[in-house]
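All letters in the sequence shown, in the order written, are residues 12 to 184 by the numbering used here.
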Amino acid sequence: MRKSAWRRIQYGEVILFKLAIFFIGLLVLTQALLFGDHVRPYLSRVDQFEGTQISFQLPLYAAKPLQISDTAEAGRLQSLRNSKVIIIRMISPANNHQVFVTVNGKVIDDFRKGSVKLTVYDGDYVEIDARRQSAAAQLVVNVPGASLLAPPDGLALEGGGAMIPVGRVKFKN
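Below is the structure:
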């Protein structure tokens, strides 16, 4: 039994050696055939795809063009944050569409109705853009429920021809 196991191992080694010699010879033969131009398209994938477009093209149809914007889309997550309400009333002039409220540099609303109701989050920076207004504008900031540290309830602001800072919003904990 020992002799038959030993013979199988020797026979397996001979077969592996012959297979290795065969595949090395096959490799040398294919490399030699790649030198010729008439066989190369059959053996090389690169030459098969040469001149054909592999990359994906978007379909060409009349649709709304793709627009890329730099704004962050908070969407649903914005509603999970704690928010408070600020009401900014314009005292004089009574209503004006040339004075705007900006939060974090973005225009939110104007004072056509005389007051603006804002939903703000902790850390927002509120300003009033009165650059188009030549006369002085008087405004009052109301915070329902006195739920903010800054800006305080009843804050009176006056200015014209410039940005009027209301300040950074800070919540009471």
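From the three backbone atoms N, C-alpha and C, an ideal C-beta is built for every residue, glycine too.
In terms of Cβ geometry, residue 121 and residue 114 do not form a close pair [threshold 9 Å].
Residues of the same chain with a CB within less than 6 Å of the CB of residue 103, apart from the 5 flanking positions on each side, are 149 in chain order. Around the Cβ of residue 162, a 10 Å sphere holds 16 or more other Cβ atoms; the residue is buried.
Taking every protein chain shown into account, the CB of residue 141 has 16 or more other CB atoms within 10 angstroms, so this residue is buried.
Scanning the region 125-176 from its first residue to its last, the whole beta strand (DSSP E) runs of 3-plus residues come out as 126-132, 136-140, 148-153, 159-161 and 166-170. At a Cβ-Cβ threshold of 9 Å, residue 180 and residue 166 do not count as neighbours.
Residue 15: member of the alpha helix (DSSP H) spanning 13-44, first to last residue. Residue 99 is classed as buried because its beta carbon has at least 16 other beta carbons within 10 Å across all chains shown. Around the CB of residue 168, 16 or more other CB atoms lie within 10 Å, so the residue is classed as buried. Closest in C-alpha terms to residue 130, from the list 124, 159, 147 and 123, comes 159. In the structure shown, the three-state DSSP call for residue 114 is strand. Checking the DSSP bridge columns, you'll see residue 100 partnered with 126 and 151.
Around the CB of residue 118, fewer than 16 other CB atoms lie within 10 Å, so the residue is classed as exposed.
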